[in-house]
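Top to bottom, those sequences are chains A and B. Per our numbering, the first sequence starts with residue 378, numbered consecutively. Per our numbering, the second sequence starts with residue 378, numbered consecutively.
Protein chains: 2
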Amino acid sequence: MERERSHPATMSDVARHAGVSTATVSRALSGGDRPMSPDLRRRVTLAAEELGYRINLVGRTLRRRSSSTVGMIVPDLDNPFFSSLAQALSRRFESSDIDLLLFSADSDLAIERRGVQSFLGRQVDALVIIASHERDSASTIDIASRSVLTIALDRRVPSATARFVGCNNKYGMQLVHEHVANDVDIRLQPVVFVGGDMGSSSGRERLTGFRHWFGDEPPALLGSFDVAWGQRAADLLLTDGMTTGTVVAAADVIALGLLSRLQTRGFQVPGDFRVIGFDGIGVSYLAHPTLTTVRQPVEQMSQQILDLVLAGTAEATRGRVQARARTIRPALVLGESSPTRDHHGTGATQGRALP
Amino acid sequence: MERERSHPATMSDVARHAGVSTATVSRALSGGDRPMSPDLRRRVTLAAEELGYRINLVGRTLRRRSSSTVGMIVPDLDNPFFSSLAQALSRRFESSDIDLLLFSADSDLAIERRGVQSFLGRQVDALVIIASHERDSASTIDIASRSVLTIALDRRVPSATARFVGCNNKYGMQLVHEHVANDVDIRLQPVVFVGGDMGSSSGRERLTGFRHWFGDEPPALLGSFDVAWGQRAADLLLTDGMTTGTVVAAADVIALGLLSRLQTRGFQVPGDFRVIGFDGIGVSYLAHPTLTTVRQPVEQMSQQILDLVLAGTAEATRGRVQARARTIRPALVLGESSPTRDHHGTGATQGRALP
DNA sequence: ATAGTCTCGGAAATCGATTGCCGAGATGAT
DNA sequence: ATCATCTCGGCAATCGATTTCCGAGACTAT
Numbered sequence: 378m379e380r381e382r383s384h385p386a387t388m389s390d391v392a393r394h395a396g397v398s399t400a401t402v403s404r405a406l407s408g409g410d411r412p413m414s415p416d417l418r419r420r421v422t423l424a425a426e427e428l429g430y431r432i433n434l435v436g437r438t439l440r441r442r443s444s445s446t447v448g449m450i451v452p453d454l455d456n457p458f459f460s461s462l463a464q465a466l467s468r469r470f471e472s473s474d475i476d477l478l479l480f481s482a483d484s485d486l487a488i489e490r491r492g493v494q495s496f497l498g499r500q501v502d503a504l505v506i507i508a509s510h511e512r513d514s515a516s517t518i519d520i521a522s523r524s525v526l527t528i529a530l531d532r533r534v535p536s537a538t539a540r541f542v543g544c545n546n547k548y549g550m551q552l553v554h555e556h557v558a559n560d561v562d563i564r565l566q567p568v569v570f571v572g573g574d575m576g577s578s579s580g581r582e583r584l585t586g587f588r589h590w591f592g593d594e595p596p597a598l599l600g601s602f603d604v605a606w607g608q609r610a611a612d613l614l615l616t617d618g619m620t621t622g623t624v625v626a627a628a629d630v631i632a633l634g635l636l637s638r639l640q641t642r643g644f645q646v647p648g649d650f651r652v653i654g655f656d657g658i659g660v661s662y663l664a665h666p667t668l669t670t671v672r673q674p675v676e677q678m679s680q681q682i683l684d685l686v687l688a689g690t691a692e693a694t695r696g697r698v699q700a701r702a703r704t705i706r707p708a709l710v711l712g713e714s715s716p717t718r719d720h721h722g723t724g725a726t727q728g729r730a731l732p
Numbered sequence: 378m379e380r381e382r383s384h385p386a387t388m389s390d391v392a393r394h395a396g397v398s399t400a401t402v403s404r405a406l407s408g409g410d411r412p413m414s415p416d417l418r419r420r421v422t423l424a425a426e427e428l429g430y431r432i433n434l435v436g437r438t439l440r441r442r443s444s445s446t447v448g449m450i451v452p453d454l455d456n457p458f459f460s461s462l463a464q465a466l467s468r469r470f471e472s473s474d475i476d477l478l479l480f481s482a483d484s485d486l487a488i489e490r491r492g493v494q495s496f497l498g499r500q501v502d503a504l505v506i507i508a509s510h511e512r513d514s515a516s517t518i519d520i521a522s523r524s525v526l527t528i529a530l531d532r533r534v535p536s537a538t539a540r541f542v543g544c545n546n547k548y549g550m551q552l553v554h555e556h557v558a559n560d561v562d563i564r565l566q567p568v569v570f571v572g573g574d575m576g577s578s579s580g581r582e583r584l585t586g587f588r589h590w591f592g593d594e595p596p597a598l599l600g601s602f603d604v605a606w607g608q609r610a611a612d613l614l615l616t617d618g619m620t621t622g623t624v625v626a627a628a629d630v631i632a633l634g635l636l637s638r639l640q641t642r643g644f645q646v647p648g649d650f651r652v653i654g655f656d657g658i659g660v661s662y663l664a665h666p667t668l669t670t671v672r673q674p675v676e677q678m679s680q681q682i683l684d685l686v687l688a689g690t691a692e693a694t695r696g697r698v699q700a701r702a703r704t705i706r707p708a709l710v711l712g713e714s715s716p717t718r719d720h721h722g723t724g725a726t727q728g729r730a731l732p
């Protein structure tokens with residue numbers, strides 16, 4: 378039975394109704410604090426229920442100086458890789474008693490800063506941030522890392538205090554190179570790299586990784602991490618007279634843009650062109666042909682983040698030195714857009730099917 | 378110059394440092410409250426800067442009983458339609474002084490409830506929720522709507538107090554029917570509906586809308602709102618001996634699954650089959666062929682939500698009666714998966730290009 | 001000169017929950 | 001019987017910012 382009130386019941390309402398003090402109510406409802414006689418606890422619980430009491434977490438947070446909350450800042454939820462990271466991390470936090478709260482910065486430095494300030498002011502226990510920009514986000518992240526455990530995700534940031542969790546882009550490019558060297562028809566030369574922007578470490582590392590394994594010979598086009606750039610890059614390649622070859626994209630969204638435009642222009646993939654992506658977003662399994670790509674280990678990255686957060690929260694590990702950066706190896710997922718010579722995209726190393 | 382401290386500077390630190398009271402500090406930094414002599418304000422601002430003061434929003438929230446925050450709960454960020462709603466709404470809130478915080482419920486009722494409790498306890502000014510389930514989410518939403526402005530988005534919920542913002546599914550199906558009646562080759566009969574689950578109003582309304590305009594004759598297959606079901610549905614249709622026809626899907630993700638499987642099985646779209654989606658997610662413009670779909674007016678829906686929230690927050694409109702539900706008309710976007718007879722997918726009604 | 005009005009800073013209560021400390025009563029040991 | 005020890009509920013301080021109320025001083029009008 379719930380009472381109608383303009384202001385919801387507070388702890389002292391419950392205390393009065395149960396004939397005890399607020400200290401007792403607190404201990405009965407939240408306290409792992411101390412043992413309590415079971416019947417008193419029952420009485421309090423009952424009173425709370427009768428009044429429809431719900432705890433005011435703001436009061437608790439103020440007193441405890443911790444909100445049991447982690448804030449995550451994402452540049453753009455329309456980017457499937459970012460939203461998949463957000464989803465994976467949310468799922469990982471379900472089993473903890475910490476709530477993961479998300480904020481979209483819309484790839485705007487001012488909004489990003491606002492999000493950080495908001496989370497800091499609300500006493501999050503940690504901050505996970507996919508930086509909108511490598512250099513210009515740095516000051517914001519420095520502010521954050523000065524007062525709370527701050528983890529840069531996917532994109533490195535030049536901050537002495539922030540941690541980093543991401544994938545090994547150079548190794549990813551090595552996988553691509555092995556794949557291309559072993560499996561790609563000699564006829565599908567030349568190889569071209571279609572990169573994203575250099576404003577993020579992922580963008581830079583994938584270019585330098587490509588250069589490291591493929592040499593300085595192959596041309597590289599640089600643009601931004603979105604579909605439109607992939608489409609435009611396809612136009613550029615075709616205008617340039619290219620009619621066949623292997624295109625290595627720095628991200629799946631770019632690869633999907635390439636794919637769609639190449640097909641629209643009447644070319645076959647993988648007949649005329651082979652296309653290789655990076656990230657392993659869900660829709661890449663869905664493209665036609667399905668995309669060969671380097672899958673980032675999103676679940677493992679989420680696990681690393683949870684570990685860092687729990688270690689940072691626990692008193693036991695306070696002061697213990699933690700690794701500053703955790704870089705995880707990605708894996709090649711074979712699709713039809715660049716199949717192996719023998720298996721033609723249905724080989725044993727095929728990525729896991731869609732759920 | 379910032380001082381190193383284990384605890385960050387509080388308002389009374391600033392007050393002491395500036396030689397004033399906390400009241401003055403509060404008024405200088407936050408107060409639209411009252412006029413102040415400019416030099417005193419400057420002195421306070423300076424002191425705050427020198428100490429690296431950042432406001433503790435938890436304290437403010439406790440006192441003001443409002444957090445300048447709106448919580449949004451989404452079933453699954455891996456669903457591109459939901460993440461696009463989240464992104465659009467985030468963007469819409471940028472211009473206000475309210476922060477939009479997101480929480481992913483992972484389509485799990487218990488997690489969803491936990492998210493609601495968390496947001497309520499943190500004194501959000503409003504709650505926007507895409508319910509994980511029509512019936513089973515109702516009690517959770519009832520709890521919420523009893524204490525805060527609650528807006529069900531995209532999926533209706535049987536709650537007397539919650540608002541609703543969504544699109545007119547029946548009208549959407551009318552658009553599909555007109556398109557099919559006018560433009561589709563007689564040869565591309567029969568028409569089949571591939572629906573989602575009936576656990577959400579969108580699922581039900583699109584089915585009943587389909588039935589209303591297309592009659593009881595055409596078969597309907599029901600499954601769930603995801604790619605895998607679209608693929609399985611394609612298999613079912615083909616196993617059933619179908620070799621040509623028009624497939625109306627209840628969502629783009631289903632349509633994309635249909636598309637990919639039909640093509641894998643060697644059929645042409647739109648040659649053998651025509652496929653029509655619903656939602657207008659970004660990747661639908663990217664599929665090959667591009668998807669003909671009913672685009673939900675995501676920006677307008679976001680605007681409606683912002684309006685409701687601002688109206689609910691403003692004192693001026695307190696007690697004014699607001700429309701309980703706001704239903705907005707979607708629009709048909711022609712793609713190549715079901716082109717008009719004449720234009721073959723590049724007609725004047727073509728949807729806007731990808732950014 | 002005196003009363004009335006205005007401006008603006010400060011003292012202190014307040015928001016709601018948590019927790020250190022105290023002490024009353026119960027239990028047990030000698 | 002007396003004292004040490006243990007259990008467990010309550011008092012009150014506390015977290016950090018906001019805001020109501022008060023009053024000191026400046027200014028104006030008569």
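We put the CB at the ideal spot given by N, CA and C, even for glycine.
Residue from the options whose Cα sits closest to the Cα of residue i
i               : options                        : result
A539 of chain A : A:I518, A:Q677, A:V553         : A:I518
D474 of chain B : B:F496, B:V501, B:T446         : B:T446
V493 of chain B : B:L466, B:I528, B:H556         : B:I528
H394 of chain A : A:A664, A:L428, A:M413         : A:L428
V501 of chain A : A:S714, A:G689, A:G408         : A:G689
F570 of chain A : A:A605, A:D649, A:G654         : A:G654
A702 of chain B : B:R532, B:A400, B:G592, B:A482 : B:R532
S579 of chain A : A:G618, A:R638, A:T704, A:G712 : A:T704
L599 of chain A : A:V675, A:H384, A:L636, A:R583 : A:R583
H665 of chain B : B:Q566, B:G498, B:G712         : B:G712
D574 of chain B : B:A626, B:G498, B:V557         : B:A626
T641 of chain A : B:R638, B:L633, B:L615, B:L663 : B:L663
E426 of chain B : B:L406, B:R437, B:V435, B:R411 : B:L406
S536 of chain B : B:S522, B:D593, B:S444, B:C544 : B:S522
F591 of chain B : B:T717, B:S715, B:Q566         : B:Q566
A632 of chain B : A:V660, A:N559, A:D684         : A:V660
Minimum Cβ-Cβ distance from residue i to chain A less than 7 Å
i               : result
S714 of chain B : no
G436 of chain B : yes
R393 of chain B : no
S516 of chain B : no
P385 of chain B : yes
Q464 of chain B : yes
V660 of chain B : yes
Own chain residues within Cβ distance below 7 Å of residue i, not counting five before or after
i               : result
V318 of chain B : Residue 318 of chain B lies beyond the range of chain B shown here (378 to 732); nothing can be said about it.
R420 of chain A : A395
Neighbourhood of residue i by C-beta distance below 6 Å, restricted to the same chain and skipping five residues each side
i               : result
Y548 of chain A : R706
H721 of chain B : Any answer about H721 of chain B is weak, because its pLDDT of 46 lies below 50 and its placement is not dependable; what the coordinates show is given next. So the list is empty, once near-sequence residues are dropped.
F480 of chain B : I450, G492
S484 of chain A : P452, D453, S509
T387 of chain A : none
S679 of chain B : A465, L466, R469
Endpoints, beta strand (DSSP E) assigned at residue i
i               : result
S481 of chain B : 476-481
G436 of chain A : Run containing G436 of chain A: none in the beta strand (DSSP E); it sits in the alpha helix (DSSP H), 434-441.
M388 of chain B : Segment 388-395 is the alpha helix (DSSP H) holding M388 of chain B; no beta strand (DSSP E) there.
Close Cβ partners of residue i (< 8 Å) along its chain, the five nearest in sequence each way excluded
i               : result
I682 of chain B : L466, R469, V505, I528, L530, V542
D390 of chain A : L428, Y430
A597 of chain B : V569, F570, V571, G572, L584, F587, R588
Within-7 Å CB hit, residue i to chain B
i               : result
L615 of chain A : no
G498 of chain A : yes
Q640 of chain A : yes
R703 of chain A : no
L479 of chain A : yes
H510 of chain A : no
Legend entry - Start-end ranges of the alpha helix (DSSP H) lying completely within the segment 614-685 of chain A, minimum 4 residues: 629-641
Legend entry - Length-filtered (3 minimum) beta strand (DSSP E) runs lying within the segment 512-583 of chain B: 526-530, 540-544, 568-572
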